[in-house]
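A.B. asks:
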Amino acid sequence: MQLEFALLDEESNIQSFDCGEDQLNYYLTDLALLFQRRRFGVTIIMFDKNDSKKKVMGFYTLCPASVQLDSLPEKFLKGPKPNPIPAFRICRLAIDKHFQGKGLGQLIFIHALQKCLDQSSQIGGSIIIIDAKHEKAKSFYERFGFISLLNNPLILVQTIKYIQLHFNS
Amino acid sequence: MSAHFMDSHLNFRMSSHDKKIVEAAAKLKGLKPNTYARQKLLEAAEKDITELSQLNTLVLSENDWKYFLEIMEAPIEINLNLKKAVKDFRKKTGHRCS
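Chains A and B supply the protein sequences, listed in that same order. Those letters in the first sequence? Residues 1 to 169, per this note's numbering, in order. Those letters in the second sequence? Residues 1 to 98, per this note's numbering, in order.
#1: If you draw a straight line from the alpha carbon of L10(B) to that of Y67(B), how long is it in whole angstroms?
#2: Quick one: give me the first and last residue of the beta strand (DSSP E) that M46(A) is part of.
#3: If we count Cβ pairs, one from each stretch, closer than 8 angstroms, do we get three or more for the segment 81-97 of chain A versus the segment 51-69 of chain A?
#4: Which value, in whole angstroms, describes the spacing of the CA atoms of V86(B) and R37(A)?
#5: Should F76(A) be flagged as near chain B, meaning a C-beta pair shorter than 7 angstroms?
#6: What are the residues of the segment 4-20 of chain B that lie near chain A, defined by any Cβ-Cβ distance shorter than 8 angstroms?
#7: With distances taken between CB atoms, is the gap from F89(B) to I45(A) smaller than 7 angstroms?
#8: Give a yes or no on whether 7 angstroms exceeds the smallest Cβ distance from Q36(A) to chain C.
#9: Consult DSSP for M72(B) and reduce its assignment to one of helix, strand or coil.
#10: Name the two residues that bound the continuous alpha helix (DSSP H) containing A87(A).
#11: Rounding to the nearest angstrom, what Cα-Cα distance links D48(A) and F5(A) in this structure?
#12: Can K53(A) and N25(A) be called in contact, C-beta distance under 7 angstroms?
#13: For F12(B), which of helix, strand or coil comes out of DSSP?
#14: Leaving out five residues before and five after K102(B) in sequence, what residues of the same chain have Cβ atoms less than 8 angstroms from its Cβ?
#15: Over what stretch of residues does the alpha helix (DSSP H) that includes D22(A) continue unbroken?
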């Protein structure tokens, strides 16, 4: 298997994609390209270069985001910080059922982190926000050091600085 | 309005009551009912799609903000799972971080 990552486009073989969750399937087949055309975010697909049909095995969507501080009291702002703090959001990530349990979720996740690092060095961005669909997904991200918010445990965050250190070490 | 060619159909039924409301509203705007319906439907669809992107601002509660600052400013401890995952990724894909 030779994994390849590419930007989703009209030619991508996504129609038979099934990660076992209807909402995520629907997002990929019906919404992701619309979302991308409007530059709300980009969807990266993963497939096997040796597969003649280039069936999509997994995907993630990465969006520019921000952490809003407006409504927060000044006393919590330790030192100068931009407002809002520029961030990236990994808002969807899924692997097709046929390829689950082979460590591909981890691979595509690291690709997403690398993309955040690349973009951060080009245009800035200091936080990565992840939307976990459920507890199982949340545990997956926690294994890699992401921390869930107190009031909204299915949203996890980590700093670019933290991720960079692990890519450099 | 969309500048695309009108080369497709969307068929649906509605009650005569609802149709009269649409016709009255279209008349108010000086449009034919079909033009009015098409325009409003497209506006609503665009709005729903745009709403997806508005989820990208994370507004933190006071508790979460304190917690968030702690995360941002805490000394970094190496996470062995992440370190290994990066290593595996490079080995299996040949990608390097810039």
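Glycine residues also receive a C-beta, built at the ideal position from the N, C-alpha and C atoms.
C.D. replies: This is what the structure holds:
#1: Taking the straight line joining both Cα atoms gives about 50 angstroms.
#2: Counting along the chain, the unbroken beta strand (DSSP E) around M46(A) starts and ends at V42 to D48.
#3: Contact between the segment 81-97 of chain A and the segment 51-69 of chain A is present: three or more C-beta pairs spanning the two stretches fall below 8 angstroms.
#4: V86(B) and R37(A): Cα-Cα distance of roughly 30 angstroms.
#5: With a pLDDT of 49 at F76(A), under the threshold of 50, the predicted position of this residue should be treated as unreliable, though the coordinate-derived value follows. Chain B, which has a Cβ nearer than 7 angstroms to the Cβ of F76(A), makes this yes.
#6: For the segment 4-20 of chain B, the beta-carbon criterion of a distance under 8 angstroms to any beta-carbon of chain A is satisfied by none of its residues.
#7: The answer is no: Cβ separation not under 7 angstroms.
#8: This model lacks chain C altogether; the protein chains it does include are A and B.
#9: The answer is helix: DSSP assigns M72(B) an H, G or I state.
#10: From DSSP, A87(A) is part of no alpha helix (DSSP H) but of the beta strand (DSSP E) over I85 to I95.
#11: Rounded to the nearest angstrom, the two C-alpha atoms are 9 angstroms apart.
#12: In this structure, N25(A) does not lie closer than 7 angstroms to K53(A) by Cβ.
#13: Note: F12(B) maps to coil in three-state DSSP.
#14: The displayed coordinates of chain B run from 1 to 98. Any statement about residue 102(B) would go beyond what the structure contains.
#15: In this chain, the alpha helix (DSSP H) harbouring D22(A) covers D22 to Y26.
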